[in-house]
Structure formats: C-alpha cells, structure tokens
Amino acid sequence: MENAKSRRWMLCHHCHKLNEANDDEHQRCCRCRAPIHMRQPHSLEYTWALTIAAIIAFIPANVLPIMTISYFGSGSPNTVLSGIATLIKLEMYPVALIVFIASFMVPLGKIAGLIILMLSVQRPLNIDPKQRILLYRLVDFLGKWSMLDVFVVAIMAAVVQLGFISEIIAGPGATAFAIMVILTMFAAHTFDPRLIWDKEQQ
Ligand SMILES: [Zn+2]
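Heads up: take any position in the sequence shown, counting from 1, add 182, and you land on my numbering.
Set out below in structure tokens:
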C-alpha cells in the first residue's frame, strides 16, 4: 500500500505544508523553516520513558495523602481511595464518583492505553490498526480531561462553602498526582501515531 512515506512526502507539524524529503537529516520546512521528520525521532523511547515515569509517580500519588477532609472539626489525611471512601461515608455519591473517575480511572486508563499502543507498534500484537487509532484518539481525548481534577477541586471548594465539609487541605500526594498527569500528557504527545500504520506497510 502506498503512503506519504513511500512517496517521500513529509508533513510539517507547524504549518501543515507537505514537503518532499531530500535525505537531509536536519531538513526544515520549506515554508516555515521548522524542523521536519519522516517520523518523530525516538518517539517510542520518549513515550516509554515518560509512561514509566508516570507509573512511578502514580505510586506516591495514591499512597501519600492527597487531601485532609475536615468534617465538623475532625478529619485525618486521606489518600485518593480513602478520600473517596470518606465521601461515600458522607453520602456524597456524585462527588465520590467524579473523584473516582477523574483521579483513578482516567490516569490508569491513559497509562494502560499508552502501553498497549507502544506494544502494538513494537511487537506483533494482533490489533487492527483501526482499533489502535481509536485507542490513540481515546488517550489523546483523556489528556484534555486530565484537567477534570481541577474541576473536582472547584467542586470540593463549593462543597466546603456550602458547609457540608468544613475544610480541605491539599497533601503531598496532590503534587505527585499533578506530576503524573503532566507526564501522561507529555507521553501521549511524544507518541507518533503514524507508527501505528507503518507496520501495515511492511
Ligand atoms: Zn512548516
């Protein structure tokens, strides 16, 4: 099957002009002068490194207390999961569900999706490229929703002001959590989705 690579066309990611490859390793876009590549150099290495770093950050993000919820003066530091348990105990089910999805399901799903994508490019995993591009779009889409956590903090602040909970203090787990979210966003960004289709050409 013919594609842009076999016809020696390279897309500029900055101005989207198609350039003809001239075998220069440091070729630049003929229109905007940005560096262009047939495939992002070391895309998989960067994505693996960032994903592994995100997995490492996922541990303190879930083991260290992320917040202290005070309820009528009493409260102890909570991790993500024990915080969700506290919210359920306070019968705040919708907030508990949003925190569970935003803080646990979304980051885990992103990391799992990235690993499946990278393995499917590197190894003969029998996944249809159409399913793989759907997975890539999902990971990319989840990236935009990683900021859902900011939304959760806003909801929690509103809950505090409504008086259901008297005080919420962020813990060191929150820092680890933010680092993990940023790492997964960069990991999805460094993955070159064109790699998904390359294996089909061989
Ligand atoms: Zn350009």
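Ideal placement from N, C-alpha and C gives every residue a C-beta, glycine not left out.
From the options, pick the residue whose C-alpha is nearest to that of residue i; which is it?
| i | options | result |
| --- | --- | --- |
| Tyr228 | Ile309, Pro375, Ala369 | Ala369 |
| Met220 | Trp191, Phe286, Arg319 | Trp191 |
| Leu290 | Ala236, Ala267, Arg213 | Ala236 |
| Ala284 | Asn201, Phe359, Ile309 | Phe359 |
| Met300 | Leu324, Arg189, Ile266, Asp380 | Asp380 |
| Ile361 | Phe240, Leu279, Leu269, Ser252 | Phe240 |
Can you check DSSP and say which residues form a bridge with residue i?
| i | result |
| --- | --- |
| Met249 | Asn260, Ala352 |
| Glu207 | Looking at the DSSP assignment, Glu207 forms no beta bridge with any residue, so it has no partner. |
If you follow the alpha helix (DSSP H) that residue i is part of, which residue opens it and which one closes it?
| i | result |
| --- | --- |
| Met300 | 288–304 |
Return yes when the C-beta of residue i is under 7 Å from any heavy atom of ligand 1, and no when it is not.
| i | result |
| --- | --- |
| His224 | no |
| Ala186 | no |
| His219 | no |
| Ile203 | For the sequence presented, residue 203 should be read as Ala rather than Ile. Not under cutoff, so the answer is no. |
Since residue i is in the beta strand (DSSP E), which residue starts that stretch and which ends it?
| i | result |
| --- | --- |
| Ala279 | In the sequence on display, residue 279 carries Leu and not Ala. Where Leu279 is concerned, there is no enclosing beta strand (DSSP E), although the alpha helix (DSSP H) it sits in stretches over 275–282. |
| Leu200 | 200–202 |
| Met220 | Met220 -> no beta strand (DSSP E), and no H or E assigned at all. |
| Leu193 | 191–193 |
I'd like the list of long-range same chain contacts for residue i, defined as Cβ closer than 7 Å, with 5 residues on each side in sequence excluded.
| i | result |
| --- | --- |
| Gly353 | Leu246, Pro247, Ile248, Met249, Thr250, Pro259 |
| Thr233 | Ile293, Leu296, Ile297, Ala369 |
In its own chain, which residues sit with a C-beta less than 8 Å from the C-beta of residue i, not counting the 5 before and 5 after it?
| i | result |
| --- | --- |
| Val262 | Ala243, Asn244, Ile248, Val281, Ser285, Phe286, Gly355, Phe359 |
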